[in-house]
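> Here the sequence shown is numbered in the working numbering, starting from 1 and rising by one per residue.
Below: one structure in structure tokens.
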Amino acid sequence: MARVSYQVKRTCLIAASRWIPWGRSLTRAPLLRVAPVAGPAWVLAAGKKDLIDLPVLNEEDLEEQFVRGSGPGGQATNKTSNCVVLKHIPTGIVVKCHQTRSVETNRKRAREILRGKVDIACKGEDSEIIKKKMESMQRKQEKRKNANDNLEKKRMFKEALAAEMKTIK
């Protein structure tokens, strides 16, 4: 992938939150204010604080298409054009999102995914997403190592206990 340089604008967290519908009930979600590029925009992020360090995408740099969905769901899914195909023109990165039946929700999710992909493409190993994945992999490896060490200690203890029981008899 080609490296592209662009100006990254930071976002600032607003201490406010608002009630949003979640299934059959209401839940509180924090509001994030995105730094203005083409005007003020509000992004609703339910518990996603990692969006703060991702780059802000210009709407002029995006090419958006709505195509027919596919996969499970039958006729209701296959006949509606609620699958979003989003292309970042400067980098050529294409994202396809068909996670929900709602076009607006798919548009928001496609933009979040694209922001992450552009961040990874531009920053490479210095990307926050890559760093978090590496940290979680290291934690998993450490847990696995500790679990194997504990199993080995238990096995050694049982062997020592069995050998001691044989010497007593």
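Ideal Cβ positions, reconstructed from N, Cα and C, are used throughout, including at glycine.
For the candidate residues Met165, Ile113, Met156, whose alpha-carbon lies nearest to that of leucine 86?
As a first step, residue 86 must be located in the sequence shown, where it is residue number 86. That would be Ile113, whose Cα lies nearest to the Cα of leucine 86.
> Just verifying my parser: in three-state terms, what is the DSSP assignment at arginine 95?
Locating residue 95 in the sequence shown gives position 95, where the first residue counts as 1. One point to set straight first is that residue 95 is valine, not arginine, in the sequence displayed. Valine 95: strand per DSSP, three-state reduction.
> Report the rounded CA-to-CA distance for alanine 110 versus alanine 121, giving the unit in angstroms.
Numbered from 1 along the sequence shown, position 110 holds the residue referred to as residue 110. Numbered from 1 along the sequence shown, position 121 holds the residue referred to as residue 121. Their Cα atoms are separated by approximately 16 Å.
> What did DSSP end up calling valine 103 once you bin it into helix, strand or coil?
Along the sequence shown, read from residue 1 onward, the residue named residue 103 stands at position 103. Here valine 103 sits in helix by DSSP.
> Taking glutamate 133 as part of the alpha helix (DSSP H), name the residues at either end of that continuous run.
Translated into positions along the sequence shown, residue 133 becomes position 133. It is worth fixing the name first, because residue 133 is lysine in this sequence and not glutamate. Here the alpha helix (DSSP H) through lysine 133 covers 128–168.
> Exposed or buried, lysine 153, counting other C-beta atoms within 10 Å across all chains shown (16 or more means buried)?
Residue mapping note: residue 153 aligns to position 153 of the sequence shown, counting from 1. Burial call: exposed.
> Are asparagine 175 and arginine 68 closer than 9 Å when you measure CB to CB?
The question about residue 175 has no answer here: the residues shown for the chain are numbered 1 through 169.
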